[in-house]
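Chains as they are written, first to last, in this note's numbering: chain B, 1 to 325; chain Z, 1001 to 1359.
Backbone N, C-alpha and C define an ideal beta-carbon position, used for all residues, glycine too.
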C-alpha cells in the first residue's frame, strides 16, 4: 500500500488534482512516519538477529541463522538437544492466554453492570479506571509483591487468622506444599504461577473494561426486556441474548490483551520461578544481560513477534468467520 | 526620557565591554584548568564518590572531576561502544567489572592503555587487580566487593560450610540465590565441592557444577536477579538465607534488620571494579593521576569506610581497624572463573538456564 501511494505522487498528477494535494501529502507523511516508527526498528531487529556473536565479547553484523537454530534446537545441537527456549515460548503463551482470559472474564460482568448504572455513576467509574492506567507495571508489581510477602501480606494474614495451623492440623498443608504454594513454615505465593497470572490479569483488567465498554453500552436494553417478558430467566437471557451479541468484542479484547501480555517482563521476573520464565525475560537477559548477545535476543524477539502475528491473523480469520455465521 | 535610555545603553555597553575584557582575561585560565569525566554506578555509590573521593583529588591535583552516572558495567559498555562509534564518549574513565573489562579489551580501540609510569601507587596492589592486554594495562582495580553468605540469625544457626545449604531438612524452600549464571553460585559450588576455578576448564566439570546446583533447587525459594528482590525477601521472611552482597547486608543489619553476612570456611566470592580509560579520551594524563590517587592506601581506606567497598590492599597497608575491615572484607576469597565465563559463555549460560528451567 505504501508503494502505490508513493507512486501516485507523480508531479503532473499532483498538478492536475490540486484539490487532492494536501490529502496526498498527508498520506505520504503518514506512511513515512509509520515506516520510521514501525518498519525501521523491526528491520533493525531482523538484521541484528542474523548477526554474528563473538564468544566472550560483543557481536557484529553478518548473516547466519545460528541464533534461530539455537532457539529451536539449542546451542550445542546436534550433540545435545535443548528444548529450553521453546519451553519459554510456551510459558509466554500460557501465561498471556490465562491472564487475558481471567481479565476479560472478570471485566465482563463488571462492565455489564457498569453500563446499567446512571450516566454519572458510569463517568465516575470510567475516570477511576482510566486513572489506574497511569500506574506503571513496576508500581503494580511492587504492590502485589508486598501483598503476597510472607511477613506483610496474605501468608501473614492466613497465619494470623489461624488458617495455616488449621491446615497443618487437618493434614492438608502438604497438599499446598505439593502444588508449590507453601514452604515448610507458612503459605508462600512468591514465586508461583498463581501470583504471576493474578498480577498479569490485574495489569490488563482496566483495558478489558475499556475495550468491552462500548459494545456493552450499545447493547439495546429492549432486547433483554423482551426476552424477560417472554419468560426467560436472567441466566437464559445472559446466555442467549447478551453473550451472543457481544461475542466478537469479547473475543477481540481477549486476543488484544493476550498479545499485550506476551511481552510482560517485570511481573514474570518477580513472581515466576525461573522454571516458568518467559521469552521476554530471556530476550532481556540476552540483550542487556552479561552476555551481550544481541543477535540471539533479536532472534527470540522475531520469533515472539511472528507468534503474536500468527495469533492475530488467526483471530482475524476466526472473527470474520464468526461474523459471517 | 531619551537621556535615560541613552544612559542605560551606555551603561550596558560599558558593562558589556567589561564583560568582554573579563572573558578575554579568563580564557587562558579556563584553558589551563584540567578536568576529567569519571563514570561510576549511580545512586548512593556515585554520591559517595562525589562527596568523599573527588574533592580530595581536586584538592591534591587541581583537576576538576565531572561525575558521570553509569547504570552498571555491562549496560554501560553497550552505551560506551555506541558512543565510540559516534565519535564522542560521555566519560574519560569508566568503572568496569572484570568480565566487562575483558569484553571491552576484546573490542579494538574501545579502551586505551593507562600510563603506568604515572601510577606508582598501583605497585602496592595485588597484581591480580592490574589487567594487562596486548596494548598495555587496560584496567587498574578501583575497589572490590564480596558476595557472601547471608542468614537470618533469628531463624537459623550460622552454617559452617556452603554445603549446609544442600541440607533439605533445614533449608527446604528457604534460600535466596543469585540467578545469573556468572553471579557467583557456580564459583561457590566449584570451591565447595570440586577443584575451584580448574573445574571450569572442561565441559564435564561445568556439567558437574550445574548438576550440583540442580540438587539445591528444592531449597531455593527465590532465584533473585535484582538486588532489591533479595533485600525484600530477607526483610519479609520469604527467605531465611542465601547469597547477597556483603556490604549491603552490613548496612541492612545496621538498620536493624535480622541479617548476618558471614564467611563460611570455603570463603565468599570476590569481584572487583576497574578504572578503564576510553580509547577516544585525550585525558590520559589526568586519568592516570586519578587512578594513582585512587590506588593509595589512604583513598582505599576512605572508600572502605564511606562506600563500603573492600580495599585492594592488605589490611596492614591501610589504617582500617579490624572492625572496619571485617565490615567490608573477609577471607578466604573465591575468585570467579572469569575466563571460562567469557570463553564458554554460551555453553555455560545455556546449561545453567536449562538447569533453572527444568522441573
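Buried or exposed, going by whether 16 or more other CB atoms sit within 10 Å of the CB of residue i?
{"i": "residue 1340 of chain Z", "result": "buried"}
{"i": "residue 249 of chain B", "result": "buried"}
{"i": "residue 1223 of chain Z", "result": "buried"}
{"i": "residue 1349 of chain Z", "result": "buried"}
{"i": "residue 320 of chain B", "result": "exposed"}
{"i": "residue 1234 of chain Z", "result": "buried"}
{"i": "residue 196 of chain B", "result": "buried"}
{"i": "residue 200 of chain B", "result": "buried"}
{"i": "residue 322 of chain B", "result": "exposed"}
{"i": "residue 179 of chain B", "result": "exposed"}
{"i": "residue 1047 of chain Z", "result": "exposed"}
{"i": "residue 1096 of chain Z", "result": "buried"}
{"i": "residue 1141 of chain Z", "result": "buried"}
{"i": "residue 1073 of chain Z", "result": "buried"}
{"i": "residue 1252 of chain Z", "result": "buried"}
{"i": "residue 1134 of chain Z", "result": "exposed"}
Give me the residue from the options with the minimum Cα distance to residue i.
{"i": "residue 1374 of chain Z", "options": "Z/1103, Z/1061, Z/1185", "result": "The structure shown does not extend to residue 1374 of chain Z, since chain Z is modelled only from 1001 to 1359, so the question has no answer here."}
{"i": "residue 1187 of chain Z", "options": "Z/1126, Z/1174, Z/1330, Z/1148", "result": "Z/1148"}
{"i": "residue 276 of chain B", "options": "B/89, B/155, B/40", "result": "B/89"}
{"i": "residue 1060 of chain Z", "options": "Z/1229, Z/1294, Z/1278", "result": "Z/1294"}
{"i": "residue 65 of chain B", "options": "B/56, B/58, B/75, B/57", "result": "B/75"}
{"i": "residue 1249 of chain Z", "options": "Z/1221, Z/1140, Z/1299, Z/1152", "result": "Z/1152"}
{"i": "residue 186 of chain B", "options": "B/204, B/195, B/160, B/193", "result": "B/160"}
{"i": "residue 318 of chain B", "options": "B/136, B/255, B/152, B/267", "result": "B/255"}
{"i": "residue 302 of chain B", "options": "B/200, B/279, B/257", "result": "B/279"}
{"i": "residue 1324 of chain Z", "options": "Z/1308, Z/1352, Z/1193", "result": "Z/1308"}
{"i": "residue 1067 of chain Z", "options": "Z/1229, Z/1355, Z/1037, Z/1051", "result": "Z/1037"}
{"i": "residue 1291 of chain Z", "options": "Z/1199, Z/1274, Z/1221", "result": "Z/1274"}
{"i": "residue 60 of chain B", "options": "B/126, B/48, B/281, B/92", "result": "B/48"}
{"i": "residue 164 of chain B", "options": "B/184, B/152, B/145", "result": "B/184"}
{"i": "residue 136 of chain B", "options": "B/204, B/101, B/162", "result": "B/204"}
So which residues of chain Z does residue i contact, with C-beta pairs closer than 7 angstroms?
{"i": "residue 274 of chain B", "result": "1179, 1223, 1356, 1357"}
Give me the Cα-Cα distance between residue i and residue j, rounded to the nearest whole angstrom.
{"i": "residue 1102 of chain Z", "j": "residue 1122 of chain Z", "result": "19 angstroms"}
{"i": "residue 147 of chain B", "j": "residue 1336 of chain Z", "result": "37 angstroms"}
{"i": "residue 213 of chain B", "j": "residue 227 of chain B", "result": "22 angstroms"}
{"i": "residue 1304 of chain Z", "j": "residue 1040 of chain Z", "result": "16 angstroms"}
{"i": "residue 103 of chain B", "j": "residue 206 of chain B", "result": "9 angstroms"}
{"i": "residue 131 of chain B", "j": "residue 97 of chain B", "result": "25 angstroms"}
{"i": "residue 1311 of chain Z", "j": "residue 1319 of chain Z", "result": "11 angstroms"}
{"i": "residue 1231 of chain Z", "j": "residue 1156 of chain Z", "result": "18 angstroms"}
{"i": "residue 1225 of chain Z", "j": "residue 1054 of chain Z", "result": "31 angstroms"}
{"i": "residue 1342 of chain Z", "j": "residue 55 of chain B", "result": "7 angstroms"}
{"i": "residue 1113 of chain Z", "j": "residue 1086 of chain Z", "result": "21 angstroms"}
{"i": "residue 1146 of chain Z", "j": "residue 1100 of chain Z", "result": "17 angstroms"}
{"i": "residue 166 of chain B", "j": "residue 219 of chain B", "result": "48 angstroms"}
{"i": "residue 1354 of chain Z", "j": "residue 1207 of chain Z", "result": "11 angstroms"}
{"i": "residue 329 of chain B", "j": "residue 216 of chain B", "result": "Examination of residue 329 of chain B is not possible in this model, given that chain B is present from 1 through 325 alone."}
{"i": "residue 1049 of chain Z", "j": "residue 1071 of chain Z", "result": "15 angstroms"}
{"i": "residue 306 of chain B", "j": "residue 114 of chain B", "result": "36 angstroms"}
{"i": "residue 171 of chain B", "j": "residue 1172 of chain Z", "result": "19 angstroms"}
{"i": "residue 15 of chain B", "j": "residue 36 of chain B", "result": "A caution first: residue 15 of chain B carries a pLDDT of 47, below 50, which makes its placement in the model too unreliable to give a value."}
{"i": "residue 1347 of chain Z", "j": "residue 28 of chain B", "result": "48 angstroms"}
{"i": "residue 1276 of chain Z", "j": "residue 1298 of chain Z", "result": "21 angstroms"}
{"i": "residue 310 of chain B", "j": "residue 316 of chain B", "result": "10 angstroms"}
{"i": "residue 312 of chain B", "j": "residue 258 of chain B", "result": "10 angstroms"}
{"i": "residue 268 of chain B", "j": "residue 45 of chain B", "result": "23 angstroms"}
{"i": "residue 264 of chain B", "j": "residue 190 of chain B", "result": "17 angstroms"}
{"i": "residue 1064 of chain Z", "j": "residue 1092 of chain Z", "result": "13 angstroms"}
{"i": "residue 1216 of chain Z", "j": "residue 1166 of chain Z", "result": "6 angstroms"}
Could you work out which residues of chain B lie near residue i, taking near to mean beta carbons separated by less than 9 angstroms?
{"i": "residue 1047 of chain Z", "result": "Those within 9 angstroms of residue 1047 of chain Z in chain B number zero; the least Cβ separation is about 23 angstroms."}
{"i": "residue 977 of chain Z", "result": "Past the boundaries of the shown model lies residue 977 of chain Z; chain Z is included only from 1001 to 1359, so the question cannot be answered."}
Whose Cβ in chain B lies nearer than 8 angstroms to the Cβ of residue i?
{"i": "residue 1292 of chain Z", "result": "Here the premise fails: no neighbours, minimum Cβ distance about 29 angstroms."}
So with CB distances below 8 angstroms, who are the chain Z contacts of residue i?
{"i": "residue 67 of chain B", "result": "Simply none; closest approach about 10 angstroms."}
Chain-ordered residues of the region 29-63 of chain B with a beta carbon less than 8 angstroms from chain Z:
53, 54, 55, 56, 57, 58
Output, in sequence order along the chain, the residues in the region 130-161 of chain B whose CB is closer than 7 angstroms to any CB in chain Z.
145, 149, 150, 151, 152
Scan the region 179-191 of chain B for residues whose Cβ lies nearer than 7 angstroms to a Cβ of chain Z and list them as they occur along the chain.
Under the 7 angstroms Cβ criterion, the region 179-191 of chain B contributes 183, 184, 188, 190, 191.
Quick one: which residues of the region 1328-1354 of chain Z get their C-beta closer than 7 angstroms to a C-beta of chain B? List them in chain order.
From the region 1328-1354 of chain Z, only 1342, 1343, 1345, 1346, 1347, 1349, 1350, 1353, 1354 have a Cβ closer than 7 angstroms to chain B.
Using a Cβ-Cβ cutoff of 8 angstroms, what residues of the region 248-272 of chain B are near chain A? List them in chain order.
Structure shown: chain A not included; protein chains present are B and Z.
What residues in the region 1230-1253 of chain Z have a beta carbon less than 7 angstroms from any beta carbon of chain B?
Listed in sequence order: 1232, 1236, 1237, 1238.
Residues, ordered as in the chain, of the region 1079-1095 of chain Z that lie near chain B by beta-carbon distance below 9 angstroms
1081
Contacting positions in the region 74-93 of chain B - beta carbon closer than 8 angstroms to chain Z
74, 75, 76, 82, 84, 87, 88
Going along the chain, which residues of the region 1059-1074 of chain Z sit with their C-beta nearer than 8 angstroms to a C-beta in chain B?
Residues 1074.
Please list the residues of the region 1149-1180 of chain Z that have a C-beta atom closer than 7 angstroms to any C-beta atom in chain B, keeping them in chain order.
Within the region 1149-1180 of chain Z, the residues whose Cβ lies closer than 7 angstroms to any Cβ of chain B are, in chain order, 1172, 1173, 1174, 1179, 1180.
Listed in chain order, which residues of the region 1102-1129 of chain Z have Cβ atoms closer than 8 angstroms to some Cβ of chain B?
1102, 1103, 1106, 1107
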